[in-house]
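This report concerns only the one structure given below.
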Amino acid sequence: MKIIRLSVIGLSTFLTISCSEKTTHTAAAPERENSEAERESAAGGGKPNAEADEGKERAPEPEEIGEDCVAFLRSTKAALPNQVNKDCPQCPSDAAIEVLKFDDFHVDRVTPGEASCEVAVTIKGQFNPSSGGEIVGGLTGWITPEQKAQYRRGETPTGQEVYRVKIIYQRIRGAWRAAEFDRTGTE
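Now the structure itself:
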């Protein structure tokens, strides 16, 4: 009988301590959240509010946008004449080389939505040394006909290039995916 009483007393003590710890953590959590929100607010210069948090969820993260910009730029390839993709002439073959080197990008504007989001970016890059070949894929539509002809002849256009791109993101299974790349209206 003494063992049962000790067990019940021990169990009630454990529950009391456990419940009071949860109460302590729960009471402290809003203070912690407020201090984190205040730090983010101080860094961003604005006040913490539900709208700002909601806006983050309704658009891709800047790191994701940057990764998509790099991938789009790197998908601009030079297909050598004897290595054209027969199934898709406008697509680069496996042996194609990257035409552009990524320098930087800047998010100009984000227009969030529930299921889609439009992001205007500026991508900066330079031409890699040319071995000739037809430019295909990626930023082909942004490269001038003169630069394409120069690159095809084996000459490398010089200087930094600036490409203004509109990326349409779609929300697929809870994640943002780049669905379309297009010219922005500012070119």
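For the sequence shown, our numbering begins at 13 and goes up steadily by one.
We put the CB at the ideal spot given by N, CA and C, even for glycine.
Considering only residues of the same chain and omitting the five flanking positions on each side of residue i, which have a CB-CB separation below 6 Å?
i, result
"residue 87", "149, 150"
"residue 159", "169"
"residue 166", "142, 144"
"residue 189", "182"
"residue 127", "183"
"residue 194", "178"
"residue 122", "71, 131"
"residue 65", "Confidence in residue 65 is poor, its pLDDT being 42 and thus under 50, which makes the residue's placement unreliable; the coordinate value appears in the next sentence. Excluding sequence neighbours, residue 65 sits near nothing in its chain."
Cutting at 8 Å between CB atoms, please list the residues of its own chain near residue i, excluding the five before and the five after it.
i, result
"residue 125", "70"
"residue 117", "77, 78, 81, 82, 133, 134, 135, 136"
"residue 140", "109, 110, 111, 112, 113, 168"
"residue 172", "115, 136, 137, 138"
"residue 74", "119"
From the DSSP output, read off the bridge partner residues of residue i.
i, result
"residue 112", "139"
"residue 178", "132, 194"
"residue 154", "For residue 154, which the question treats as bridged, DSSP gives no partner whatsoever."
"residue 117", "135"
"residue 148", "89"
"residue 173", "137"
"residue 187", "184"
"residue 123", "130"
Please tell me whether residue i and residue j are closer than 8 Å, where the distance is taken between their beta carbons.
i, j, result
"residue 163", "residue 90", "yes"
"residue 138", "residue 120", "no"
Throw me the rounded Cβ distance for the residue i and residue j pair, which I believe falls under 8 Å.
i, j, result
"residue 180", "residue 187", "That pair is no contact at about 15 Å."
Which same chain residues, not among the five before or five after residue i, have their C-beta less than 7 Å away from its C-beta?
i, result
"residue 256", "The structure shown does not extend to residue 256, since the chain spans only 13 to 199, so no value can be given for it."
"residue 8", "Residue 8 is absent from the model: the chain starts at 13 and stops at 199."
"residue 196", "132, 176, 177, 178"
"residue 185", "none"
_Counting beta carbon pairs with one atom in the segment 131-142 and one in the segment 176-192, are three or more of them shorter than 8 Å?_
Verdict: yes, contact present.
_With three or more C-beta pairs closer than 8 Å as the rule, is the segment 154-161 touching the segment 120-132?_
Judged by Cβ distances under 8 Å, the segment 120-132 makes no contact with the segment 154-161, as fewer than three pairs qualify.
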